[in-house]
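Please read the structure below before turning to the comments.
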Amino acid sequence: FSYINGDVEPRPYIGINVTHGDLATIECDAPVVSNVAPSHSTRVYGNDVTISATVTDASSIDDVEWQYSTDGGTNWTNGPTNLALVSGSTYSTTFTKPEVGTYQIRVRAKDGWHNWSDWVPGPNDSVVSFTITKKTLTVTNVVADDKFYDGDNSATLDFDPNNVCSGVPMIAGDCNLSGVETGDTVSLVTSNYTATFNNGNVGTGKQVTVTGLSLTGADADNYELDQPSLTGSITAVTLVFTPDPKSRAY
Numbered sequence: 002f003s004y005i006n007g008d009v010e011p012r013p014y015i016g017i018n019v020t021h022g023d024l025a026t027i028e029c030d031a032p033v034v035s036n037v038a039p040s041h042s043t044r045v046y047g048n049d050v051t052i053s054a055t056v057t058d059a060s061s062i063d064d065v066e067w068q069y070s071t072d073g074g075t076n077w078t079n080g081p082t083n084l085a086l087v088s089g090s091t092y093s094t095t096f097t098k099p100e101v102g103t104y105q106i107r108v109r110a111k112d113g114w115h116n117w118s119d120w121v122p123g124p125n126d127s128v129v130s131f132t133i134t135k136k137t138l139t140v141t142n143v144v145a146d147d148k149f150y151d152g153d154n155s156a157t158l159d160f161d162p163n164n165v166c167s168g169v170p171m172i173a174g175d176c177n178l179s180g181v182e183t184g185d186t187v188s189l190v191t192s193n194y195t196a197t198f199n200n201g202n203v204g205t206g207k208q209v210t211v212t213g214l215s216l217t218g219a220d221a222d223n224y225e226l227d228q229p230s231l232t233g234s235i236t237a238v239t240l241v242f243t244p245d246p247k248s249r250a251y
């Protein structure tokens, strides 16, 4: 039994084994509801994360509730609840496409008096955590414009060279982005880009370096952008000589 935060009502402790999907295994040992042998795993945005727990002894508890924190454990949000527990059974919850960030997961139990027990860490206990990293998007339907020699290495880009983007409704993102998750709102910002040829000399298939493209939209923070690597040509300028006719006496 436990006296937690001045609460004199006795509450039984439980023992729980927790498995963090295929990424890690942690245990919640009696006498406290907490995690032992913490593990930190990483996945890319767009993937679901499943956490499961095996109740070793359900004789003194009714339910188990999942909690998660995204601020290092300062604040906890209640998640799904597993009801009518059976000893030796495994229960799980899935975080569907969690956003970028670091998540800490813990569990707490409802005792025989239908009260939720506070989560009390023991000396060797911790929470299980996982990190969602940004998904990389690539730029599509863009080419570097060819130009005539002008002594400068600046380049311009065409973001719809085949006229396939205009007026086409996009399911996710926009016509110039590849890899956006279905249902997400992300668009390419082209107003601040810089493109340069490797030099200003005449040539074909010249390397064009692009910087300054960025993302916007409600879900843009879950992504990062791979700046495109392009090629283009600088064509020699044809000079036309026009003589100035003059007359004179023989």
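First residue of the sequence shown: 2, per my numbering; consecutive thereafter.
Note that the Cβ used here is the ideal one computed from N, Cα and C, for glycine as well.
The Cβ-Cβ distance between T197 and N164 does not fall below 8 Å. T139 has its alpha-carbon roughly 9 Å from the corresponding atom of V181.
With the rule of 3 Cβ pairs closer than 8 Å, the stretch 215 to 225 does not count as touching the stretch 239 to 246. Residues L138, T139 and T141 of the same chain have their beta carbon placed closer than 7 Å to that of S179, with the five preceding and five following residues left out of the count.
Rounded to the nearest whole angstrom, the CA to CA distance from T43 to S234 is 42 Å. Going by C-alpha positions, F149 is about 20 Å away from F160. Distances from the alpha-carbon of A237 to those of V101, S215, Y46 and G204 put G204 closest. Across the set Q208, I133 and F96, the C-alpha of Q208 shows the shortest separation from the C-alpha of D147. The alpha-carbon separation between G102 and T134 amounts to approximately 7 Å. DSSP places A156 in the strand class (E or B) of the three-state scheme. Burial check for E66: the Cβ neighbour count within 10 Å reaches 16 or more, so the residue is buried. If the five residues before and after Q68 are omitted, its C-beta is found closer than 8 Å to the C-beta atoms of W77, T78, N79, G80, I106, R107, V108, R109 and W120, all from its own chain and listed in chain order.
Here V45 is exposed: its Cβ has fewer than 16 other Cβ atoms, across all protein chains shown, within 10 Å. Close CB contacts of P162 within its chain, under the 8 Å cut and outside five residues either way in sequence, are with N142, V143 and V144 (chain order).
Note on S130: 16 or more other CB atoms within 10 angstroms of its CB, so buried under the neighbour-count rule. The Cβ atoms of L240 and Y194 do not sit closer than 8 Å to each other. Contact check for Q228 against T217 fails: the beta carbons are separated by 8 Å or more.
In this structure K136 touches G47 by the C-beta definition: roughly 5 Å separates them, less than 8 Å.
Residue burial annotation: N200 is exposed, with fewer than 16 other C-beta atoms found within 10 angstroms of its C-beta. Bounds of the beta strand (DSSP E) holding T132 are V129 to T134.
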